[in-house]
DNA sequence: TTGAATGTGGGTTTTGAGCCCAATACGATG
DNA sequence: CATCGTATTGGGCTCAAAACCCACATTCAA
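Chains as they are written, first to last, in this note's numbering: chain A, 1 to 161; chain B, 162 to 322.
Take a look at the structure:
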């Protein structure tokens, strides 16, 4: 997998327009778009979506998917179709490939809107999470913050040291 | 068995028309149709039907049947004729061969409609589950998701490793 | 044979995504 | 302080696809 090209950072508020479009600041847009112009949207947890450069994401995920594909071809899955089916189902809901209009505006796809839980015209938080960009429902963001913030110190130490 | 030609993916909402027809997006339709134009519909669990390329389905099923046949021949089933018979019954009610109109429109067969539990004019979720396409009653889908999603990580690991 | 119910094949309408452009806000710079 | 460039937002237009609707064919039963 190619190492992330940039360290995505920043926190800002944006509004979703009536057509469920969000404009991303140029740095973020650029960071989550690959050469072919594709971006991956994934459901993270209720109230939070994340954006990834398609190339990077696929590198990560396709490695796994390729393994499964070759196992299927080799017949190694014959006893486990049910599980393959179940995993496939989850893969399908979890992520979707999109293109940003004008290389900067995201249309939140059907199915991800309810998950984010922000109505048309509502506000969201845009968070740079180093390796991806996250879209948060402001209420969920606040919760997560108050809950995670106390751990910041120890987490920082843990990852740095 | 022929390996699946494509990795069926995607999640979308569709409505059933007043005659219990659903139009499938081209990729999905193509993926569940074999050269002779046949598709298999199966009852998966209440609130869920699935679609398979007929050729693949039959290949898979025959393999299972072969196992049973050889067990029968070996005398391993002598005490279990009742069960074999019951299995046979289930196999025949469980699935049905259909043709998609215009290579894309599915008529949900009589007997499968109640099983899906969506009325004419209602909505369904179409899910790509890698090796098949599933039709879900939206309510059931939501339940299944909230239940299965947490297992995603471990399931993924299990199948990939 | 006829009529109702069901399947089938178009047509039309409507919705929404993609694309583009205009108006505004904002910031930087001379 | 004026001006220019860039970012953001809103809206209009177009096209494709989904939903809806109707007309015809087929089947089955009375």
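For glycine and all other residues, C-beta sits at the position ideal for the given N, C-alpha and C.
This one's a predicted model, so the numbers in the text were calculated from it and none came from an experiment.
Exercise. Are the beta-carbon atoms of residue 320 of chain B and residue 87 of chain A separated by less than 7 Å?
Worked result: In the second chain, the residue the question calls residue 320 of chain B occupies position 159. In the first chain, the residue the question calls residue 87 of chain A occupies position 87. Cβ atoms of residue 320 of chain B and residue 87 of chain A: closer than 7 Å.
Exercise. Under the three-state reduction of DSSP, which class applies to residue 286 of chain B: helix, strand or coil?
Worked result: As a working mapping, residue 286 of chain B is identified with position 125 in the second chain. Residue 286 of chain B: strand per DSSP, three-state reduction.
Exercise. Quick one: is residue 302 of chain B buried, meaning 16 or more other Cβ sit within 10 Å of its Cβ, or exposed?
Worked result: In the second chain, the residue the question calls residue 302 of chain B occupies position 141. Buried: at least 16 other Cβ atoms inside 10 Å.
Exercise. Is residue 13 of chain A buried or exposed, if buried means 16 or more other CB atoms sit within 10 Å of its CB?
Worked result: Counting from one through the first chain, the residue named residue 13 of chain A turns up at place 13. Residue 13 of chain A is exposed by the Cβ-count criterion.
For this session: Report the three-state DSSP secondary structure of residue 322 of chain B (helix, strand or coil).
Result: In the second chain, residue 322 of chain B corresponds to position 161, counting from 1. Annotated three-state conformation of residue 322 of chain B is coil, per DSSP.
Exercise. Quick one: what's residue 72 of chain A bridged to in DSSP?
Worked result: Counting from 1 along the first chain, the entry for residue 72 of chain A is found at position 72. The partner list for residue 72 of chain A (beta bridge, DSSP) is empty, contrary to what the question assumes.
For this session: Give a yes or no on whether the minimum CB-CB distance between residue 277 of chain B and chain A is below 7 Å.
Result: Residue mapping note: residue 277 of chain B aligns to position 116 of the second chain, counting from 1. No, residue 277 of chain B does not count as interfacial toward chain A.
Exercise. Beta carbon of residue 265 of chain B, beta carbon of residue 210 of chain B: below 7 Å?
Worked result: Sequence index remark: in the second chain, residue 265 of chain B carries index 104 (1-based). Sequence index remark: in the second chain, residue 210 of chain B carries index 49 (1-based). Not closer than 7 Å, so no.
For this session: Tell me, please, which residues DSSP counts as bridged to residue 134 of chain A.
Result: As a working mapping, residue 134 of chain A is identified with position 134 in the first chain. As DSSP reads the structure, residue 134 of chain A sits in a beta bridge with A/50, A/127.
For this session: Below 8 Å CB to CB, which residues in the same chain sit around residue 290 of chain B once its five sequence neighbours on both sides are set aside?
Result: Against the second chain, residue 290 of chain B aligns to sequence position 129. Excluding residues within five positions, the ones whose Cβ falls inside 8 Å are 169, 211.
Exercise. Where does residue 242 of chain B land, buried or exposed, given buried means 16+ other C-beta within 10 angstroms?
Worked result: Mapped onto the second chain, residue 242 of chain B falls at position 81. By the Cβ neighbour-count rule, residue 242 of chain B is exposed, with fewer than 16 other Cβ atoms within 10 Å of its own.
Exercise. Ends of the alpha helix (DSSP H) at residue 176 of chain B?
Worked result: Walking along the second chain from the start, residue 176 of chain B turns up at place 15. Per DSSP, residue 176 of chain B belongs to no alpha helix (DSSP H); it is in the beta strand (DSSP E), 172-176.
Problem set entry | Residue from A/26, A/19, A/93 with nearest C-alpha to residue 172 of chain B | For the purposes of this step, residue 172 of chain B is taken as residue 11 along the second chain, with counting starting at 1. If we check each option's Cα against that of residue 172 of chain B, A/93 comes out closest.
For this session: Specify the secondary structure class of residue 60 of chain A as computed by DSSP and reduced to three states.
Result: In the first chain, counting from the first residue as 1, residue 60 of chain A sits at position 60. Three-state DSSP puts residue 60 of chain A in a helix.
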